[in-house]
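The block underneath contains the structure these notes are about, expressed in structure tokens.
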Amino acid sequence: MAADDPRDKDYLVGVLIERLENQRTGPEVAWANPATGSAGTVTIERTYTRDDGAPCRDFRRTTEQVGRPPSVVAGTGCRNGEGVWLIEARAIAATPDRAPPDRAPPVAEATPPPIISPPPPRPDRSVIYANVPIPSTY
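Each number in the numbering used here comes from the position in the sequence shown (counting from 1) with 6 added on.
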């Protein structure tokens, strides 16, 4: 993961892991490091499952740092059995407009699951009023 300022590298690892875990495939999402002024985008380009069952996501990350030319990094993150994202990345261009390299078709297209609220309690369950339980009839 190329980042000239060590503070950007540490910051980007956290951003990338969060995006691999939660970002939908397709949209370009901005990031900015307030400590260094560096900024850019992360795009999840493909979500799939490897033959060994590991969930993987291909990504592209752009970075603009003060006093340096913009950079683009492409990579893949795969979650191992312990739930840790293992990331492989490489620089692909000096400009963010360059199209990503051709990739094999996805094995399984997926996005992170939605957050679902638990259902409301069933009305036939026991209810406690004034610390006196009223049993329900099942």
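The beta-carbon is built from N, C-alpha and C at its ideal position, and this holds for glycine as well.
- Following the DSSP letters along the chain, one finds arginine 85 inside the beta strand (DSSP E) bounded by residues 77-85.
- When the five nearest sequence neighbours on each side are left out, the beta carbons in the same chain lying within less than 7 Å of the beta carbon of glycine 46 are those of Trp37, Arg67, Thr68, Thr69, Glu70, in order along the chain.
- DSSP places proline 12 in the helix class (H, G or I) of the three-state scheme.
- In this structure, the beta-carbon distance from arginine 25 to proline 61 does not fall below 8 Å.
- Using a 10 angstroms sphere on the CB of valine 78, the tally of other CB atoms reaches 16 or more, which defines it as buried.
- Apart from the 5 residues on each side of it in sequence, tyrosine 17 sits with its Cβ closer than 6 Å to the Cβ of Asn39 in its chain, given in chain order.
- Counting along the chain, glycine 43 sits inside no beta strand (DSSP E), nor does DSSP assign it H or E at all.
- Taking every protein chain shown into account, the CB of glycine 83 has 16 or more other CB atoms within 10 angstroms, so this residue is buried.
- One Cα belongs to threonine 55, the other to proline 75, and the distance between them is close to 34 Å.
- The beta carbon of leucine 22 sits closer than 6 Å to none of the beta carbons in its chain outside the five residues before and after it.
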